[in-house]
Each structure stands twice: as C-alpha cells, then as structure tokens.
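In the working numbering, the protein residues as written are 64 to 328. Using N, Cα and C, we set each Cβ at its ideal position, and we do this for glycine too. Predicted model, so just to flag it, every value in this text is computed and none were measured.
This is how it looks when you write it as structure tokens:
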C-alpha cells in the first residue's frame, strides 16, 4: 500500500507490506522502491516492511535543501515519528546503508538492528578506482541518459533531474569520518558487502572490528552482536539482486539467531 506523509517540508512517499515487527528499507542513490527488487516481498513474509523514497527519488519531490547523510537520517527519524514507529529494524543499501549508519549514530533509540549493505564509514574506505572517478562526476554523465528517463517515470517534477544529480554529486564530496561514532555504537549491525564492492574488503573488516567483531569463537565467550557477510563474485550493483543470499543473511540476524557449532552445548 502506497501513501505519502509530510516529513521535513516534503511529501515523502512510502509503501507498506507484510506483517510482523517493523522493518524500514532505505534504497540507494538514483534508485526507488521498485529498484530494490525482490528482497522486499521476501522480507515482508515475516516483517511489516516500510519502504521509503528519499528526497528527489521516486515519488518523493526534491526540496530546496542539500542531500546529505545527516539530512537523510533526520528524514528517516521524522518518518518514524510521523507514523508513530518508536523503534524499528533498518535495512539500507549503498546511500541507504550510510543513512542507516548515520541514523543509528544520531538516533540510536530508534534503531533495533541495522543491516548495512555496501557501506563505508570513512572516505578512505572507498576503492581507489571510485576515488579517482569522483572528481570526474559531472551532471552530463547522467542527464539525457536512460537513467533520466527511468527517473522521470515516477518523479513529481520530470524537469528536476539535473538538480538532483548535482546534489548527489555533491554528496560524494561530503566529508565522511565516522570512526569514533561507529566505535561507540551499541546497535547490532550486519555488514553486507560484495567481494568487488565500492568499499574495500579491508574497510569492511575494519568496520566489523570497530563493532566488536573479528575475534575467534568457540573459546567460551559469546559471539559479538554484529556480523559480517561477503558475497562472492559480486560488484556493487549486483549486491541487491542476490535475494536468496541476502535473505539468508538478513533474516537470522533480525531474529537474533546464531549458527550452532559442533562445540555448542
């Protein structure tokens, strides 16, 4: 079921499906709810899924404000307040994952568990090829392409694509240095990455270690609440399409289930 709600000066579009504990899904840059694909109905089998569309994406209009991670996180918090959702699990992909991380930092009381797919907590974590590409990003790489035609199909203002692109390019230049804030998190986080993702494998391991992971199990101490999953032969844009693998990682994490070893009593 689709609807809009007033959040921070914009009519934010969202869809609700399924039954169960609330799970808020946050899409990536240049995406929308349909672009998140078949993982949504799978998650809706056991959760009430609230999928939102960010500022300037899908059916949510752009407004006179930069697109930044703090702004996006405040939008999610405002969305939860508007719908009376006190606390929820969060699943974010790419830009949505960084927004989820920012939400957990700034509004930890609103986040039960966070699934962050294809994320970084510091600009030093991006692949060198992506870092080299950022200065070359100009609107002309996107404007007038099939990406714009897809965007126009849902946009309230079909002429506003360039303005959104300019804001998303500016987002790539925003400073990101969240190590101390991430280390202080108490919210359990499932990190999901492709082995050929936009963030390096080393960065994902560093993120896992910041959250208390990376030690040896089977030594008597319980495993950390956070987890790390790496998808094989998977680039950044291929992460969201691997529904069975994603669901196999996400659902046990949200349920608090831990795989049993042969040494488990």
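For residue j and residue i, the rounded distance between their alpha carbons
i	j	result
residue 73	residue 126	7 Å
residue 276	residue 282	14 Å
residue 318	residue 186	32 Å
residue 84	residue 236	36 Å
residue 101	residue 154	14 Å
residue 274	residue 77	31 Å
residue 245	residue 285	21 Å
residue 232	residue 205	11 Å
residue 268	residue 288	15 Å
residue 253	residue 156	12 Å
residue 255	residue 264	11 Å
residue 158	residue 138	14 Å
residue 290	residue 66	34 Å
residue 90	residue 303	10 Å
residue 334	residue 293	What is shown of the chain runs 64 to 328, which leaves residue 334 out entirely.
residue 195	residue 320	40 Å
Buried/exposed call for residue i, threshold 16 Cβ in 10 Å
i	result
residue 199	exposed
residue 86	buried
residue 116	buried
residue 112	buried
residue 197	exposed
residue 150	exposed
residue 251	buried
residue 95	buried
residue 218	buried
residue 75	buried
Candidates the options: closest to residue i by CA position
i	options	result
residue 92	76, 210, 267	210
residue 167	247, 68, 79, 286	247
residue 208	224, 253, 194, 220	224
residue 143	324, 175, 156, 98	175
residue 242	280, 271, 291, 222	271
residue 306	90, 65, 99, 158	99
residue 238	189, 128, 292	189
residue 234	201, 264, 256, 215	201
residue 97	81, 110, 82, 114	114
residue 203	192, 228, 138, 193	228
residue 226	195, 136, 79, 118	118
residue 314	195, 219, 212, 152	152
residue 322	301, 192, 280	280
Contact check, residue i vs residue j, beta carbons under 8 Å
i	j	result
residue 141	residue 70	yes
residue 178	residue 316	yes
residue 145	residue 68	yes
residue 221	residue 215	yes
residue 81	residue 110	yes
residue 172	residue 136	no
Margin query: Taking 8 Å as the cut-off, does the region 293-302 touch the region 258-267 (at least 3 CB pairs, one atom from each stretch)?
Written below: Yes, the region 258-267 is in contact with the region 293-302.
Notebook entry, point to check: With a cut-off of 8 Å, do at least 3 Cβ pairs link the region 101-110 to the region 300-314?
Noted result: Cβ pair count under 8 Å is three or more, so yes.
Check: Within the chosen definition, does the region 181-200 reach the region 120-139 through at least 3 CB pairs nearer than 8 Å?
Finding: Under the Cβ criterion (8 Å, minimum of three pairs), the region 181-200 does not count as touching the region 120-139.
Note to self: I want to know whether the region 159-173 touches the region 126-137 - three or more CB-CB distances under 8 Å.
What the structure shows: The region 159-173 makes contact with the region 126-137: 3 or more CB pairs, one atom from each, lie closer than 8 Å.
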